[in-house]
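In what follows, a single structure is set out as structure tokens and then discussed.
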Amino acid sequence: MRIVKAIYGWFDRRYNITPLIEKNVTKKRVPKTLGWAACFGGLSLLIFMVQVFTGVLLLMYYKPDPVNAWDSVTFIKSNVSMGWLVQRIHTVSANLMIVMVLMHMARIAYYKVYRTPRELHWVSGVVLLMLTLILAFTGYLLPWTQLSYWGAKVGTEIPGAIPVIGHDIVRWVRRGEAISGETLGFFFALHIWIIPATISAFMAMHFAMIRRTGISRPL
Amino acid sequence: MSCDKPCEQHNGRRTFCRTCIGAMTAASAAMVGYPVASFVASQPSRIGENKPLEVPIDQLVQGQARYETYRGLQVIILTTPDGPLVFSASCPHLGCAVNWVSTESLFRCPCHGAVFNPDGSIVSGPVNEPLKPIPFEVKDGKIIISV
């Protein structure tokens, strides 16, 4: 404990961190009338961080090609020490994250927090919902099971209903006519890097805007 | 921090709470830390490590080399007119896997050009040692490596 304090003190004397922490965390004031329902946004972020962490762990053993994908996931679940736990946390949290985001949105909608000056909070939030869903959808294909294969097939068929360009979109998303190793590689890239990076950028904007306008004060 | 009498009593309670919170934090950290550490430390190559490597002789082709993995190491089974030979595929120079070039009947290392005879002895290149032979036995028409 004393060591931690000494290290903290060393940095604090140089960079004066304490007022920053007090202003943003320990002495930050939030409206008294906020209830438990105001937690869901923060919980979404917390789950996202859990996902990034467990996802990085899974990456150590996962192999993103059709020959090895299923085997490597089975290997994680049955051979890697605590692998079943890490894999299960990652799948369960994916569902939980969607639940949290939806609960958060339900509260915002119910209390009409989206009104001026917070319209863009809502818009960026809707983008975050979409990205969360894409994250879940792309992750679903990665274990390369029957369920994920057919799930991806049905899911990527949906844009086909768009007139004229629909079929081209389907082909683009699948990286070909059918779900194949190309699709797996593309979904893998989306799932582990492109979408998480985009989501992080939108989260940063979302939080910066909330800081700027302050938390909405319920009556 | 200056303290008068009633405050000192208070301090004992505070220390107790601090200790409890500290212990709970440590327990939580261990609950996360242990699974993560053991997950990261798992070594996939160790699984099935004690199983001997068995290769049926009738699957081998005369004058050809077959690459197998045994205990995480690449081994070469070379079929010569005098019978099979087994080497570690790792070049004694810096550890690249040597290639069997059947048209020349030589092992060639792709990294720095070391060349070895079919019996593993050096022909040329930046090496001081021959290819490392791996002991094996032939039983029931199979080559068994179990060292």
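Residue numbers (the working numbering), protein chains in the order written: chain A, 2 to 220; chain B, 33 to 179.
Ideal placement from N, C-alpha and C gives every residue a C-beta, glycine not left out.
Taking the Cα of Thr157 (chain A) as reference, the smallest distance to any Cα among A:Ile135, A:Val165, A:Leu21 is reached at A:Ile135. Considering only B:Thr112, B:Gly115, B:Glu100, the residue with the shortest C-alpha distance to Ala129 (chain B) is B:Glu100. Closer than 8 Å to the CB of Leu97 (chain A) there is not a single CB belonging to chain B. When C-beta distances to chain B are compared with 8 Å, the residues of the segment 53-86 of chain A below that value are Leu58, Met61, Tyr62, Phe76, Asn80, Val81, Ser82, Met83, Gly84, Leu86, in chain order. According to the DSSP assignment, Asn96 (chain A) belongs to the alpha helix (DSSP H) that extends over 84-111. At a cut-off of 8 Å between C-beta atoms, Ser134 (chain B) does not count as an interface residue with respect to chain A.
Within the DSSP bridge table, the entry for Lys174 (chain B) names B:Pro88, B:Lys171 as partners. Chain order gives the chain A residues near Val72 (chain B) as Leu58, Met61, where near means a beta carbon separation below 8 Å. Apart from sequence neighbours up to five positions away, the residues of its chain that approach Leu60 (chain A) with a beta-carbon distance below 8 Å are Ile193, ordered along the chain. In this structure Ile176 (chain B) is not in contact with Pro113 (chain B), their Cβ atoms being roughly 22 Å apart against a cut-off of 8 Å. Sixteen is the threshold: since fewer than 16 other Cβ atoms of the shown chains lie within 10 Å of the Cβ of Val93 (chain B), the residue is exposed. Short of 7 Å from the beta carbon of Gln96 (chain B), and not among the five residues preceding or following it, lie these beta carbons of its own chain, in chain order: Thr111, Ser134. Exposure of Trp151 (chain A) is indicated by the presence of fewer than 16 other C-beta atoms within 10 angstroms of its C-beta. Residue contact check for Pro67 (chain B) against chain A: a CB pair falls below 8 Å. Nearest C-alpha to Ser73 (chain A) among A:Leu103, A:Ile4, A:Thr146: A:Thr146.
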